[in-house]
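Just add 65 to wherever you are in the sequence shown, counting from 1, and you've got the working numbering.
Ideal Cβ placement from N, Cα and C applies to all residues, glycine included.
No experiment lies behind these values; they were computed from the predicted model shown.
Beneath this line is the structure, given in structure tokens, with notes to follow.
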Amino acid sequence: MALTLQIILVLSCLVLTMFVLLHKGKGGGLSSLFGGGVQSNLSGSTVVEKNLNRVTILTAIVWLVCIIGLNLIQAYAS
């Protein structure tokens, strides 16, 4: 059980990192320093961005459940 949770944790960590990097920069940070703030946002939040937000949140929940599960397994293992 612990090995399965560890594998899911590593995979969800990699996928979560990829999804976070896929998000569009909102400006005001390092992205605007290198010319990312030049583009204007005419259409607001698109359907793709909303779906990316949902999948990112779902992946973060899976990651968090794996961490809590592994912690409980370690705490109650004899």
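Start and end residues, alpha helix (DSSP H) containing residue i
| i | result |
| --- | --- |
| residue 134 | 112 to 141 |
Residue i, buried or exposed, once every other Cβ within 10 Å from all chains shown has been counted against 16
| i | result |
| --- | --- |
| residue 124 | buried |
CA nearest to the CA of residue i, picked from the options
| i | options | result |
| --- | --- | --- |
| residue 67 | 141, 135, 140 | 135 |
| residue 83 | 71, 131, 120, 69 | 120 |
| residue 74 | 139, 130, 138 | 130 |
Simplified DSSP state of residue i, which is helix, strand or coil
| i | result |
| --- | --- |
| residue 83 | helix |
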